[in-house]
Ligand SMILES: *[C@@H]1O[C@H](CO)[C@@H](O)[C@H](O)[C@H]1NC(C)=O
Ligand SMILES: *[C@@H]1O[C@H](CO)[C@@H](O)[C@H](O)[C@H]1NC(C)=O
Ligand SMILES: *[C@@H]1O[C@H](CO)[C@@H](O)[C@H](O)[C@H]1NC(C)=O
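In mature numbering (1 follows the signal peptide of the UniProt record, and there is no 0), the protein residues as written are -16 to -1, 1 to 293.
Set out below in structure tokens:
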């Protein structure tokens, strides 16, 4: 998926972001398919596959926000949209003399911002690169898009009806819909699940070096801060993996640090997450040895105390 900075509109104070993603593959002049999904925040809530016009609801609360007749209407709109999107793209390809095969992506939706306002977005990509977006009232080509994108936006901007509909969908319908979903899905969306964390050594990156791995697992929501530290000092070499989903809707993250073996002592992994209420998890590298050593130290201390009453 296309993941670009536009996705942070009024974050981090945003309350809910509905993002609809569409992928259309055009194999040749006669073969194309379009699939879609929509997610609220990080949760996938809807899917829509080329084989059927029915929207699939992936969460119990996903049906709220619209009434049954409104859902049926939306399915009709989507059916028409799919057909006209495919037709229009083929026309553009002919007009602009582009080549098959290619892939198009659309990312559109809105985000609720503080003060009961909202921001919306509608971006289109061709072969994984953004080509145009809808800004306020018009289509605008992306800054580094090929020159044909300019011609395409000019053409699209002549269609006043579609521009009006789009503004209505983005400015009014979308935020209203998200407000309804947030209310209905509150218990799942605001669920807080604490992470578990543990350390391990990865494959040695070279002679005399260690790969320290900090695993953070089973947390919700997705935002998490994990850093390798020496005392209070963040270690610049910290490498963060992708946050990966577990089947139960929680998340997993792996954060590594490549260090000289003799410098590993004194390093710790610090985990900060909204579920922890300000109490960071701190795991010290080598604690295991320390853990084994601790009873021995106690016995030594006892012996010393016993011998020197
Ligand atoms: C178009 O692409 C589809 C899917 O790849 C393929 O099955 C079909 O034979 C192609 N048709 C032509 C006319 O090339
Ligand atoms: C927020 O704005 C929407 C429409 O702009 C309105 O319907 C709703 O009542 C407002 N909510 C609050 C809490 O002000
Ligand atoms: C929709 O919002 C944009 C700003 O994001 C504004 O420029 C435009 O006039 C609005 N359109 C309508 C019909 O409300």
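For each residue, glycine too, the CB sits at the ideal point set by N, CA and C. Please read these numbers as outputs of a predicted model, since none were measured by experiment.
- Judged by DSSP in its simplified three-state form, residue 263 adopts coil rather than helix or strand.
- Taking C-beta separations shorter than 7 Å and ignoring five residues to either side along the sequence, the partners of residue 110 in its chain run 86 and 88, following chain order.
- Counting of Cβ neighbours within 10 angstroms places residue 91 among the buried residues, the total reaching 16 or more.
- Residue 60 and residue 120 have their C-alpha atoms some 26 Å from each other.
- By DSSP's assignment, residue 109 forms a beta bridge with 89 and 114.
- Listed in chain order, the non-local C-beta contacts of residue 140 below 6 Å within the same chain comprise 123, local neighbours out to five positions each way being set aside.
- Classified as buried, residue -1 has 16 or more neighbouring CB atoms from the shown chains inside 10 Å of its CB.
- Residue 15: not part of any beta strand (DSSP E); DSSP gives it neither H nor E.
- Cβ contact annotation for residue 117 (same chain, cutoff 8 Å, sequence separation greater than five): -11, 105, 106, 107, 108, 123, 124 and 126, in chain order.
- Taking all protein chains in view, the Cβ of residue 269 is crowded by 16 or more other Cβ atoms within 10 Å, so the residue is classified as buried.
- Residue state for residue 184 is assigned as strand, using DSSP reduced to three classes.
- The straight-line gap separating the alpha-carbon atoms of residue 99 and residue 162 is approximately 15 Å.
- Per the DSSP secondary-structure output, residue 157 pairs with nothing in a beta bridge.
- The beta carbon of residue 194 sits closer than 7 Å to the beta carbons of 185, 188, 243, 245 and 248 from its chain, once the five residues preceding and following it are set aside; these are given in chain order.
- Non-local beta-carbon contacts of residue 151 in its own chain, meaning distances under 7 Å to residues more than five positions away in sequence, involve 121 in chain order.
- According to the DSSP assignment, residue 244 belongs to the beta strand (DSSP E) that extends over 235 to 244.
- The beta carbon of residue 17 lies closer than 6 Å to those of 9 and 34 in the same chain, with the five residues before and after it left out.
- Taking a contact as a CB-CB distance under 8 Å, the pair residue 239 and residue 198 counts as one, their CB atoms being some 5 Å apart.
- Boundaries of the alpha helix (DSSP H) around residue 171: 170 to 173.
- In the three-state scheme derived from DSSP, where H, G and I count as helix and E and B as strand, residue 65 is classed as helix.
- The stretch 20 to 38 makes no contact with the stretch 50 to 57; the number of CB pairs closer than 8 Å stays below 3.
- DSSP lists 181 and 237 as the bridge partner or partners of residue 200.
- Residue 94 is positioned such that its CB atom lies closer than 8 Å to that of residue 154.
- Taking C-beta separations shorter than 6 Å and ignoring five residues to either side along the sequence, the partners of residue 224 in its chain run 239, following chain order.
- A heavy atom of ligand 3 is found nearer than 7 Å to the CB of residue 155.
- If you check the C-beta of residue 8 against ligand 1, you find no heavy atom less than 7 Å away.
- Take residue 169, set aside five residues on each side of it, and the residues of its chain with a beta-carbon closer than 6 Å to its own are 45, in chain order.
- Here residue 38 is exposed, its C-beta having fewer than 16 other C-beta atoms within 10 Å.
- If you check the CB distance, residue 20 and residue 173 do not come in under 8 Å.
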